[in-house]
Structures are given as structure tokens and as C-alpha cells.
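Q: One structure coming up, written as C-alpha cells, with questions to follow.
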Amino acid sequence: IPPIFLLANQAYEAGDYKKAQEKYKRVQDRGISSGAIHYNLGNAYFRDNQLGPAIFHFQRASRLSPRDADIEYNLAFAREKVLDRIEKKETFGSALLSITDALTVREAYFLLLFSCLVFFLLASLDVTLKRGWSRTARNILFVVLVFSMMLVVSQELTRKKVGVVASPEVSVYSGLGRDHLVLFRLHEGTEFAMMDVVEKEWAEILLADGKKGWVPVENILF
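Residue numbers (the numbering used here): 250 to 471.
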């Protein structure tokens with residue numbers, strides 16, 4: 250454990266949340282990223298009344314350490330503080346994403362590799378035996394293999410595509426620039442999918458209910 254990580258923990262325990270944030274970030278600047286660091290950063294921001302950054306880091310912690318009860322509890326608790334209530338549109342993609350969120354990227358790739366090995370083993374066995382059970386097993390593993398591939402693709406597409414509103418309020422515009430129509434406003438902590446970023450100044454976002462628009466990058470974290 251890097252000494253600076255222990256210093257960050259000490260700052261957090263002493264109630265100096267800004268100092269804790271700074272030191273946890275210095276740990277990340279050294280190329281160290283883990284669910285624990287993001288979780289601690291989320292707690293430091295939440296205690297510092299910065300809801301957007303707190304949710305952002307809890308979200309990253311959940312991605313790196315899925316199935317961690319403490320992370321999931323704090324993320325759910327923080328989400329309850331968000332003013333905006335976005336109704337999630339249920340689609341096949343959202344269902345796949347919910348399964349994807351239960352796995353790390355490494356786990357998804359391991360499942361894909363394991364499925365490939367077992368599938369080709371059963372396929373070779375079926376060519377030799379030509380039995381009904383071997384063909385059925387091969388077909389089942391083929392479905393698992395395809396599903397594993399979809400999980401990996403979903404992980405890769407969504408890994409860096411999620412953002413959070415970091416300012417108290419942000420206007421969402423119909424086009425790129427403040428001279429366009431304001432479609433609606435979002436508040437701190439609201440989560441969205443990133444669609445596009447132009448010149449590191451404007452981002453096109455997509456909400457869970459299907460609404461989309463453009464926001465200044467300075468008002469979000471992604």
C-alpha cells in the first residue's frame with residue numbers, strides 16, 4: 250500500500266475531506282486504479298457535499314469491484330439524493346448492460362475465453378462421437394459463447410461512456426452551442442451515456458429515458 254494512500258485515509262478520518270481527495274487523486278496519478286480508491290474518493294466527495302463527483306467515483310468503484318455490498322449501498326444512497334428522476338427505458342441493451350455491470354472487464358474476457366475453449370472441445374468431441382447429447386452440449390455452449398462475446402462488446406462500449414453532472418445545474422441544448430434551444434435542465438449527480446465529444450468543449454449525452462442533447466464539458470465528469 251503506498252504511504253500516500255495511508256495519509257489520504259488519515260486525512261479522511263480527521264475530517265479533512267479536501268485533503269483526502271487530493272491525496273487519493275495523487276495515488277491515481279501514479280497509475281494505481283482500484284475499486285477501493287474510487288470508493289474512498291466517493292466517500293470523501295460525499296462527505297464534502299459534492300454529490301456529482303461522489304456518484305462518479307462510486308460508479309467507477311462499482312465497475313472495478315462489482316458485487317461489493319458497501320459500494321452498491323453507498324452508490325444507491327447517493328443516487329437517492331439526486332433531484333432528477335429519470336425513468337429507465339427497458340430495452341434488450343439495458344438488460345444486457347445490467348448483466349454487464351455485474352462483471353468486471355477481466356471476468357467478461359475470462360468467460361469468453363472459457364466458453365471458446367469448452368465450445369471447441371465439445372465441437373471436436375461431437376465430430377468424433379456424433380451423439381445426440383454431444384451435439385446438444387455443443388449447441389448450448391455455442392449460445393453461451395455468443396452471449397459471452399456480447400458481454401465483452403458491451404463492456405468495451407460502455408467502459409468509458411458513462412458520465413455524471415458535476416455542477417449544481419446544467420442546461421441541455423438542442424445543438425452544439427449556447428445559441429441553441431434549451432431542451433431541459435439537469436441537476437448534480439444525474440447520470441447519462443456519452444454519445445460524442447466535440448473539441449473537448451461540448452458533449453452529446455443520452456439519458457436512460459431516451460432524451461438527448463448537448464452540454465458543456467466543464468459541467469460534467471466522464
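Backbone N, C-alpha and C define an ideal beta-carbon position, used for all residues, glycine too.
Keeping to the same chain, check which residues put their C-beta closer than 7 Å to that of L432; ignore five residues upstream and five downstream.
A: Result list for L432: V421, Y422, S423, G462, in chain order.
Q: Per DSSP, which residues does Y422 bridge with? Please list them.
A: Answer is V431, W463.
Q: How about F307 and A327: do their beta carbons lie closer than 9 Å?
A: Yes, these two residues count as a Cβ contact at 9 Å.
Q: What does the alpha-carbon distance come out to for the pair A269 and Y261?
A: Rounded to whole angstroms, A269 to Y261 spans 5 Å at the Cα level.
Q: Express the C-alpha separation of V402 and I389 in angstroms, rounding to a whole number.
A: Each residue's Cα considered, the two are about 20 Å apart.
Q: So, using beta-carbon positions, are L313 and G284 closer together than 9 Å?
A: Taking 9 Å as the Cβ cut-off, L313 and G284 qualify as a contacting pair.
Q: Distance, Cα to Cα, R275 vs M398?
A: About 36 Å.
Q: Straight-line CA distance for L358 to L394?
A: The question names Leu, but residue 358 is Tyr in the sequence shown. Taking the straight line from one Cα to the other gives about 11 Å.
Q: Determine the direct distance from the alpha carbon of W451 to that of G426, and round the result to whole angstroms.
A: One C-alpha to the other measures close to 8 Å.
Q: Tell me which residue opens and which closes the beta strand (DSSP E) that F441 is part of.
A: 440-447 is the span of the beta strand (DSSP E), which, as asked, contains F441.
Q: Using CA atoms only, rank isn't needed, just tell me which of E467, L435, L362 is closest to V447.
A: It is E467 whose Cα lies nearest to the Cα of V447.
Q: Quick check on A452: does DSSP put it in helix, strand or coil?
A: Of the three classes helix, strand and coil, the one that applies to A452 here is strand, per DSSP.
Q: Nearest-angstrom Cα distance between V331 and S282?
A: One C-alpha to the other measures close to 26 Å.
Q: Is any non-hydrogen atom of the ligand ATP found closer than 8 Å to the C-beta of I389, if you look at the structure I gave you?
A: This structure simply doesn't include the ligand ATP, nor any ligand for that matter.
Q: Restricting to Cα atoms, I'd like to know which of Q299, H436, E321 is closest to I335.
A: For the residues Q299, H436, E321, the minimum Cα distance to I335 belongs to H436.
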